[in-house]
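Undergrad: I'd like to ask some things about the structure below.
Chains as they are written, first to last, in this note's numbering: chain H, 416 to 528; chain A, 2 to 111.
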């Protein structure tokens, strides 16, 4: 059974204080690892897809990296508007559907001005 | 584009009542999904569809039913609502892998 564990559950940062969120996973064969951002009362918003170990992707202050066992979401010099819940999900090879993602429980990020 | 549209946004049900959550997408995606999200539990897949007329169970299908008569619409039916179905429900669609989510439907069963 595919499993995704995110840590920490909650993270409080001061504006400009860089940090990382962790996503550990076990999957029979990784097709893709996804990062989403979710604001309160909204649906998850797609950020990145990573496909193979060593791959990195960046978007503004965010950079996602992938190893064979985990992924990190690095946040550089965060701003208050980066406050949100960040979700990690994995998609395995096999099955009949592209989008059967298994999600972690999320990390709640709060950035104080 | 509207993307994925869910209705209603909020609903309160009494135990034993039934209702349908509506989901429509205008991106011509073949794949559609229903997830539920409970505090601290992440998103759990209820049902999914790979195209019109084809549906299958996800991780937590008990107490729900779906149908997919068109590419655009994927309604979720709750029969005999129970307090355990109190949750936020998200519909999503995809074409190339990443999912596009609706804004969610918050359901409370009392």
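All C-beta atoms in this analysis are idealised placements derived from N, C-alpha and C, irrespective of residue type, glycine included.
1. In chain A, which residues lie less than 7 Å from residue 455 of chain H when you measure between Cβ atoms?
2. On the DSSP letters alone, give me the boundaries of the beta strand (DSSP E) that residue 418 of chain H sits inside.
3. Look at the Cβ atom of residue 38 of chain A, then the Cβ atom of residue 44 of chain A, and state whether they are nearer than 7 Å.
4. To the nearest angstrom, report how far apart residue 444 of chain H and residue 474 of chain H are at their CA atoms.
5. In chain order, what residues of the segment 91–105 of chain A put their CB closer than 9 Å to some CB of chain H?
6. Is it buried or exposed, residue 496 of chain H, if we count other Cβ atoms within 10 angstroms and call 16 or more buried?
7. Can you check which of these residues, H/466, H/450 and H/476, is closest to residue 501 of chain H by C-alpha distance?
8. How many angstroms separate the CA atom of residue 456 of chain H from the CA atom of residue 64 of chain A?
9. Determine the contact status of residue 476 of chain H and residue 462 of chain H, defining contact as a CB-CB distance below 7 Å.
10. Helix, strand or coil: how does DSSP classify residue 520 of chain H here?
11. Starting from residue 442 of chain H, follow the beta strand (DSSP E) in both directions and report where the run begins and ends.
12. Excluding sequence positions up to five away, which residues of its chain have a Cβ less than 8 Å from the Cβ of residue 507 of chain H?
13. With three or more C-beta pairs closer than 8 Å as the rule, is the segment 76–83 of chain A touching the segment 13–28 of chain A?
14. Give the DSSP bridge partners of residue 57 of chain A, in chain order.
15. Taking residue 46 of chain A as the query, report the chain H residues whose CB atoms sit under 7 Å from its CB, ordered along the chain.
16. Report all residues from its chain with a CB closer than 6 Å to the CB of residue 89 of chain A; omit the five preceding and five following residues, and keep chain order.
TA: In short, the structure shows the following:
1. Within the first chain, numbered from 1, the residue matching residue 455 of chain H stands at position 40. Here the premise fails: no neighbours, minimum Cβ distance about 11 Å.
2. Counting from 1 along the first chain, the entry for residue 418 of chain H is found at position 3. Note, residue 418 of chain H: beta strand (DSSP E), 418–422.
3. Residue mapping note: residue 38 of chain A aligns to position 37 of the second chain, counting from 1. Residue mapping note: residue 44 of chain A aligns to position 43 of the second chain, counting from 1. Yes. Within cutoff.
4. By one-based count along the first chain, residue 444 of chain H stands at place 29. By one-based count along the first chain, residue 474 of chain H stands at place 59. Approximately 26 Å, taken between the alpha carbons.
5. Against chain H - using a Cβ distance shorter than 9 Å - the residues of the segment 91–105 of chain A are 91, 92, 93, 94, 95, 96, 97, 98, 99, 100, 101, 102, 103, 104 and 105.
6. Position 81 of the first chain, counted from the start, is the residue given in the question as residue 496 of chain H. Counting C-beta atoms within 10 angstroms of its own C-beta, residue 496 of chain H has fewer than 16 neighbours from the protein chains shown and is therefore classed as exposed.
7. Taking the first residue of the first chain as position 1, residue 501 of chain H is located at position 86. Scanning H/466, H/450 and H/476 for the CA closest to the CA of residue 501 of chain H turns up H/450.
8. Within the first chain, numbered from 1, the residue matching residue 456 of chain H stands at position 41. Within the second chain, numbered from 1, the residue matching residue 64 of chain A stands at position 63. Looking at the two C-alpha atoms, the distance is approximately 24 Å.
9. Against the first chain, residue 476 of chain H aligns to sequence position 61. Against the first chain, residue 462 of chain H aligns to sequence position 47. Taking 7 Å as the Cβ cut-off, residue 476 of chain H and residue 462 of chain H do not qualify as a contacting pair.
10. On the first chain, position 105 is the one that residue 520 of chain H refers to. In the three-state reduction of the DSSP assignment, residue 520 of chain H falls in the coil class, being assigned neither a helical nor a strand state.
11. Taking the first chain and counting its residues from 1, one reaches residue 442 of chain H at position 27. That residue, residue 442 of chain H, is in no beta strand (DSSP E); it is neither H nor E in DSSP.
12. As a working note, residue 507 of chain H is residue 92 in the first chain. For residue 507 of chain H, where only same-chain residues beyond five positions count, the Cβ hits under 8 Å are 417, 442, 443, 444, 445, 446, 515 and 517.
13. Segments in contact, yes.
14. Along the second chain, one-based indexing puts residue 57 of chain A at 56. Answer is A/49.
15. Here residue 46 of chain A refers to the residue found at position 45 of the second chain. Within chain H, the residues near residue 46 of chain A are 515.
16. Mapped onto the second chain, residue 89 of chain A falls at position 88. Close CB contacts of residue 89 of chain A within its chain, under the 6 Å cut and outside five residues either way in sequence, are with 38, 105 and 107 (chain order).
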